[in-house]
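Below is one structure; the comments refer to it alone.
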Amino acid sequence: MSDFKCGYVSIIGQPNVGKSTLLNKILDKKISITSRKSQTTRNNIIGVKTLKNAQLIFLDTPGIHSQSKKTLNKYLNKSAKSVFEDSDILLFLIQRNKLTAQDKSIINEFKNSNVKTICAINKIDQIADKNSLLPLINELAMEHSFTDIVPISALKGNGVDNLVKVLESHLPFNPYFYPSDHNFNQHSNFFISELIREKITRIMGDEIPYEVYVEVEKNEVIDNRLEIDIVIYVAKSSQKSIVIGKDGEQLKKIGTATRRELQKIFNKKVMLRSWVKVKKNWNTNIERIQSLGIGNSIDV
Numbered sequence: 004m005s006d007f008k009c010g011y012v013s014i015i016g017q018p019n020v021g022k023s024t025l026l027n028k029i030l031d032k033k034i035s036i037t038s039r040k041s042q043t044t045r046n047n048i049i050g051v052k053t054l055k056n057a058q059l060i061f062l063d064t065p066g067i068h069s070q071s072k073k074t075l076n077k078y079l080n081k082s083a084k085s086v087f088e089d090s091d092i093l094l095f096l097i098q099r100n101k102l103t104a105q106d107k108s109i110i111n112e113f114k115n116s117n118v119k120t121i122c123a124i125n126k127i128d129q130i131a132d133k134n135s136l137l138p139l140i141n142e143l144a145m146e147h148s149f150t151d152i153v154p155i156s157a158l159k160g161n162g163v164d165n166l167v168k169v170l171e172s173h174l175p176f177n178p179y180f181y182p183s184d185h186n187f188n189q190h191s192n193f194f195i196s197e198l199i200r201e202k203i204t205r206i207m208g209d210e211i212p213y214e215v216y217v218e219v220e221k222n223e224v225i226d227n228r229l230e231i232d233i234v235i236y237v238a239k240s241s242q243k244s245i246v247i248g249k250d251g252e253q254l255k256k257i258g259t260a261t262r263r264e265l266q267k268i269f270n271k272k273v274m275l276r277s278w279v280k281v282k283k284n285w286n287t288n289i290e291r292i293q294s295l296g297i298g299n300s301i302d303v
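According to this note's numbering, the sequence shown holds residues 4 to 303 in order.
In structure tokens form, the structure reads like this:
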């Protein structure tokens with residue numbers, strides 16, 4: 004048996020819970036900027052953390068909307084479940100204030116899975132009395148038999164080292180799948196698209212994000228400045244108007260908030276250009292969904 008541990012960890016959670024912030028903290032480095040071409044056939048690998056005796060391979064998981072019958076959501080559910088099957092650990096990320104109906108829907112999707120599930124309660128830096136977490140922890144225990152429940156602050160780093168140790172302890176014994184110095188650059192586009200979705204969620208509420216898809220068309224360093232072009236796809240003209248806002252104010256807010264955070268993460272000046280485009284009913288057409296590169300190539 005190998006003395007090393009290695010396995011796949013799927014990160015699950017709503018768009019605004021801080022998945023990209025947590026992954027950046029775990030990887031403990033500035034994101035490298037390269038062309039947007041993937042360097043691996045596993046297009047959902049977004050980062051690798053190599054430790055002394057273990058290697059964590061993080062997978063991106065499409066959003067899960069178990070209550071919806073929309074074609075996009077059913078497609079993403081199947082894609083997400085296919086990632087579950089490839090995972091050794093599911094890392095379920097929630098916010099510290101309450102367990103939402105959407106959180107419970109996500110739990111229902113993996114409740115019958117045999118994969119180990121670890122829940123990380125994020126943003127604990129925002130509460131003074133940690134005992135106030137006990138009702139939430141008890142509620143989580145009632146919903147599912149989690150392997151572990153770990154309070155963290157992805158932004159401040161509180162509890163993140165402990166979370167990594169917990170993840171490591173539950174990995175299977177395997178040799179490293181990738182060299183210790185292997186650098187997956189694909190996750191930079193994941194961070195960008197995820198951050199934009201988070202900003203849309205915070206600025207516009209919870210409905211619009213599930214009707215949009217963010218595609219990074221350009222991600223290059225030119226004259227020591229990061230130039231990013233993104234397209235926000237919506238399914239209806241009315242949604243385009245909502246995302247852009249009066250005189251472009253909403254889109255400007257989203258872009259400004261995203262650019263400021265990206266400059267901190269990449270440690271570079273950022274020029275972010277964004278467009279909102281309508282692909283009529285794109286979220287009900289499987290071929291269009293696949294043409295945007297969403298999810299895995301699966302039969303629906």
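Every residue, glycine too, gets a C-beta built ideally from N, C-alpha and C. If you're wondering where the values come from, they're calculated on a predicted model, not measured in any experiment.
Three-way DSSP call (helix, strand, coil) for residue i in this model
i, result
"aspartate 164", "helix"
"aspartate 235", "According to the sequence as given, residue 235 is isoleucine; it is not aspartate. Reduced to three states, the DSSP call for isoleucine 235 is strand."
"phenylalanine 87", "helix"
"isoleucine 152", "strand"
"arginine 99", "coil"
"glutamine 93", "The identity of residue 93 in the sequence shown is leucine, whereas the question assumes glutamine. Strand."
"glycine 50", "strand"
"lysine 272", "strand"
"asparagine 134", "helix"
"glutamine 58", "strand"
"serine 244", "helix"
"leucine 265", "helix"
"leucine 174", "coil"
"valine 118", "coil"
"serine 191", "helix"
"lysine 3", "Outside the modelled stretch of the chain, which goes from 4 to 303, sits residue 3, for which no answer is possible."
"asparagine 19", "coil"
"valine 215", "coil"
"alanine 104", "helix"
"leucine 26", "helix"
"serine 196", "helix"
"asparagine 125", "strand"
"leucine 139", "helix"
"glycine 208", "coil"
"leucine 254", "helix"
"lysine 8", "strand"
"lysine 221", "strand"
Buried versus exposed, by CB contacts within 10 Å (16 or more), residue i
i, result
"asparagine 192", "buried"
"leucine 275", "buried"
"serine 172", "exposed"
"proline 154", "buried"
"alanine 157", "buried"
"lysine 8", "buried"
"aspartate 132", "exposed"
"arginine 200", "buried"
"leucine 93", "buried"
"alanine 104", "exposed"
"alanine 238", "buried"
"serine 135", "exposed"
"glutamine 17", "buried"
"lysine 22", "buried"
"valine 224", "exposed"
"lysine 114", "exposed"
"aspartate 31", "exposed"
"serine 90", "buried"
"leucine 229", "buried"
"lysine 126", "buried"
Proximity winner among the options, relative to residue i (alpha-carbon distances)
i, options, result
"leucine 254", "Asn227, Asn115, Ile203 and Phe269", "Ile203"
"serine 241", "Ala123, Ala104, Asn27 and Lys280", "Lys280"
"lysine 55", "Glu197, Pro178, Arg228 and Val246", "Pro178"
"asparagine 222", "Tyr216, Phe180 and Phe269", "Phe269"
"glutamine 129", "Leu139, Arg99 and Ser116", "Arg99"
"isoleucine 195", "Phe61, Ile235 and Ser13", "Ile235"
"lysine 282", "Glu218, Thr261 and Thr259", "Glu218"
"lysine 52", "Val12, Asp6 and Ile121", "Val12"
"aspartate 232", "Gly258, Lys249, Gly208 and Ser244", "Gly258"
"phenylalanine 95", "Asp89, Asp151, Gly50 and Leu30", "Asp151"
"valine 20", "Arg263, Val118, Val246 and Glu197", "Glu197"
Would you call the stretch 143-151 and the stretch 100-112 in contact, with 3 or more CB pairs under 8 Å?
-> Counting Cβ pairs under 8 Å, three or more are found: they touch.
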